[in-house]
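Data first, discussion second: the structure below is written as structure tokens.
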Ligand code: CO
């Protein structure tokens, strides 16, 4: 599954609510996870692979975060203690944003070779459904909260370049 890159207009579309929690949804999530892993990503939204539904996945572990840090020269050492197993959030809604915000450097698999300093809430609460359609509620902090905010932005057609001025970094294929 290929990851769509800017300026493809699909990245600017608003994703639609998922109503069918079936095998196709599970297949989509598996394909997304493979595409994300191939690029050492820690989050991915369905419209980044051309799928219309409100689906995001998150997977955070040390190796992925360090690969990204090496690429950009950013110090993510304070963040690499977080570990989030591969999780799908269907129809995610951020129901609470902490008043406290943090500025940190973000990349995006749809914007290879660019990074942007983005101010986001330190913590969020997200209501969503899992692959079986069961309601879930997650309280996230730090990098996990940042990834959730980044991916929900994608579902609303929002990209990191809308948050600030991009700086050039080495794209994946120059590692
Ligand atoms: Co992104």
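Residue numbers (the numbering used here): 13 to 187.
Positions of the beta carbon are idealized from the N, C-alpha and C atoms, including for glycine.
Extent of the continuous alpha helix (DSSP H) run through residue i
{"i": "residue 174", "result": "Per DSSP, residue 174 belongs to no alpha helix (DSSP H) and is neither H nor E."}
Residue i - DSSP class collapsed to helix/strand/coil
{"i": "residue 39", "result": "helix"}
{"i": "residue 48", "result": "helix"}
{"i": "residue 160", "result": "helix"}
{"i": "residue 129", "result": "strand"}
{"i": "residue 151", "result": "strand"}
{"i": "residue 30", "result": "coil"}
{"i": "residue 21", "result": "helix"}
{"i": "residue 123", "result": "coil"}
Proximal residues to residue i (C-beta, below 6 Å), its chain only, five neighbours per side dropped
{"i": "residue 135", "result": "110, 153 and 157"}
{"i": "residue 38", "result": "143"}
{"i": "residue 73", "result": "95"}
{"i": "residue 123", "result": "18"}
Residue span of the beta strand (DSSP E) that contains residue i, given as start and end
{"i": "residue 191", "result": "It is not possible to answer for residue 191, since the shown part of the chain is limited to 13 through 187."}
{"i": "residue 71", "result": "67-72"}
{"i": "residue 55", "result": "55-57"}
{"i": "residue 181", "result": "Careful: residue 181 lies outside any beta strand (DSSP E) and carries neither H nor E."}
{"i": "residue 63", "result": "Per DSSP, residue 63 belongs to no beta strand (DSSP E) and is neither H nor E."}
{"i": "residue 139", "result": "135-141"}
{"i": "residue 117", "result": "113-118"}
Residue from the options with nearest C-alpha to residue i
{"i": "residue 179", "options": "145, 141, 151 and 130", "result": "130"}
{"i": "residue 113", "options": "155, 139 and 101", "result": "155"}
{"i": "residue 60", "options": "100, 121, 148 and 77", "result": "121"}
{"i": "residue 28", "options": "169, 54, 175 and 173", "result": "169"}
Cutoff 8 Å; reference residue i; Cβ partners in own chain excluding five residues on either side
{"i": "residue 235", "result": "Since the first and last residues shown for the chain are 13 and 187, residue 235 lies out of range."}
{"i": "residue 137", "result": "106, 107, 108, 149, 150, 151 and 152"}
{"i": "residue 49", "result": "71"}
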